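Number of protein chains: 2
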Amino acid sequence: MIQINERSMTPIYEQIINQVKELIVKGGLREGDKIPSVRELSGMLLINPNTVAKSYQELERQGVIATARGKGAFVCKPAASPGMERERGEQLREEMKRLIIEARHLGMTKAGFKTWVTDEVERNWGEQDADG
Amino acid sequence: MIQINERSMTPIYEQIINQVKELIVKGGLREGDKIPSVRELSGMLLINPNTVAKSYQELERQGVIATARGKGAFVCKPAASPGMERERGEQLREEMKRLIIEARHLGMTKAGFKTWVTDEVERNWGEQDADG
DNA sequence: TGTGTGTACTATACCGAATGATACAGTATT
DNA sequence: AATACTGTATCATTCGGTATAGTACACACA
Chain P
55 MIQINERSMT PIYEQIINQV KELIVKGGLR EGDKIPSVRE LSGMLLINPN TVAKSYQELE
115 RQGVIATARG KGAFVCKPAA SPGMERERGE QLREEMKRLI IEARHLGMTK AGFKTWVTDE
175 VERNWGEQDA DG
Chain R
55 MIQINERSMT PIYEQIINQV KELIVKGGLR EGDKIPSVRE LSGMLLINPN TVAKSYQELE
115 RQGVIATARG KGAFVCKPAA SPGMERERGE QLREEMKRLI IEARHLGMTK AGFKTWVTDE
175 VERNWGEQDA DG
């Protein structure tokens, strides 16, 4: 379900965040589904509970999951606050800009880049939405 | 020319790397151009020379610039080694995957994402290339 | 012989990531 | 009431990367 790469440059708590989001997007987790408890997941991944807790707190801050003492953590319906969307939208622009510059330095052409992006979208977007 | 954001989460030496690459892509720096010396740039940015040196070493490792003792650092002609291209290509795929998943969680539609990417490409790609 | 260049090395300070352990607070079940 | 589960909070500690500081070396050029 969730796998951790010890040698990755991205910290463990971010790997958890990213993989939970990926599972949701790709249909492995649906709205209302219960995700493993802090202690469960820390036991499965052989990492510290505090690290998992940090991931869940950030996921809740982003409106991806909802947590409740004694009950557990559950997948939310997508409902990001406007402020949060602006914040993460700006970050997304910066990352895309960096990615484009990197692609140029790898020798990609503009047309090649566009088709490459299209391929990656088809591979990672998950289920179709209204205008898919 | 190059500006450092002290409060940014990205380390200074990476900011330098990214901005040098951006300058090259956007035409501010061309093949053969001399870039500021380690001590010059560290003086301009009010940072430690070792930090600039680290940036230049990574830029040289990636084949973006060439350095020579006593002469300085100069912009290279793009000639990345095949191994380097594979390494960075894989990294690019991972980043794009993460970016796509993030876009979904921000409520973008597939079509909306594609047009957004197109806009960013037009804004950041720089001069036209063969099939632009 | 100078001056400017990249490079190398050591030492230090700071911060985030991750661990370990303990305790607290709310929920559900028995 | 008791118990077991949940998320949360706090403290201490270790570890690695970032950045600074200072010094020294090797090469190029005038």
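Heads up: the protein sequence lines correspond to chains P and R, in order. 55 is the number of the first residue of the first sequence in this note's numbering; add one for each residue after it. 55 is the number of the first residue of the second sequence in this note's numbering; add one for each residue after it. Built from N, CA and C at the ideal position, the CB exists for glycine as well. Here the structure is a predicted model, which means the values were calculated and not measured.
- Query: Applying a beta-carbon distance threshold of less than 9 Å, which residues of chain P neighbour Arg-142 of chain R?
  - Reply: Glu-156, His-159, Leu-160
- With distances taken Cα to Cα, identify the nearest neighbour of Arg-177 of chain R among P:Arg-177, P:Pro-65, P:Ile-155. P:Ile-155
- Message: By the DSSP assignment, the beta strand (DSSP E) with Ile-119 of chain P in it spans what residues?
- Response: 119-122
- Message: For a cutoff of 8 Å on Cβ pairs, would you count Met-150 of chain R as touching chain P?
- Response: yes
- Through-space distance from Glu-139 of chain R to Gln-111 of chain R, alpha-carbon basis: Whole-angstrom Cα-Cα distance: 17 Å.
- Message: Against chain R, with Cβ distances strictly below 8 Å, would Lys-168 of chain P count as a contact?
- Response: At a cut-off of 8 Å between beta-carbon atoms, Lys-168 of chain P makes contact with chain R.
- Message: I need the straight-line Cα distance from Phe-128 of chain P to Arg-152 of chain R, nearest angstrom please.
- Response: 22 Å
- Query: How close, in whole Å, do the beta carbons of Val-118 of chain P and Lys-75 of chain P come, if the pair is a contact with beta carbons under 8 Å?
  - Reply: The Cβ separation is near 6 Å, so the contact holds.
- Give every residue of the same chain whose Cβ lies closer than 8 Å to the Cβ of Ile-58 of chain P, excluding the five residues on either side of it in the sequence, and list them in chain order. Cβ neighbours of Ile-58 of chain P within its own chain (closer than 8 Å, five residues either side excluded): Ile-66, Gln-69, Ile-70, Leu-99, Ile-101.
- Query: Cβ of Lys-164 of chain P within 8 Å of Cβ of Val-175 of chain R?
  - Reply: yes
- Task: For the alpha helix (DSSP H) holding Gly-166 of chain R, just list the boundary residues, first then last.
- Result: 164-178
- Query: Hey, is Pro-136 of chain P's beta-carbon within less than 8 Å of any beta-carbon in chain R?
  - Reply: With a threshold of 8 Å between beta carbons, Pro-136 of chain P makes no contact with chain R.
- Query: Which of the three DSSP states, helix, strand or coil, is assigned to Gly-82 of chain P?
  - Reply: Secondary structure of Gly-82 of chain P (DSSP, three-state): coil.
- Can you tell me which of P:Leu-160, P:Trp-170, P:Trp-179, P:Met-162 puts its alpha carbon nearest to the alpha carbon of Gly-166 of chain R? P:Trp-179
- Query: Applying a beta-carbon distance threshold of less than 8 Å, which residues of chain P neighbour Arg-147 of chain R?
  - Reply: Glu-174
- Query: What residues from chain P crowd round Gly-180 of chain R, counting only those whose CB sits closer than 8 Å?
  - Reply: Taking a Cβ-Cβ threshold of 8 Å, the residues of chain P close to Gly-180 of chain R are Arg-158, in chain order.
- Message: Give me, in chain order, the residues of the same chain whose beta-carbon lies closer than 7 Å to that of Pro-136 of chain R; leave out the 5 immediate sequence neighbours on both sides.
- Response: none
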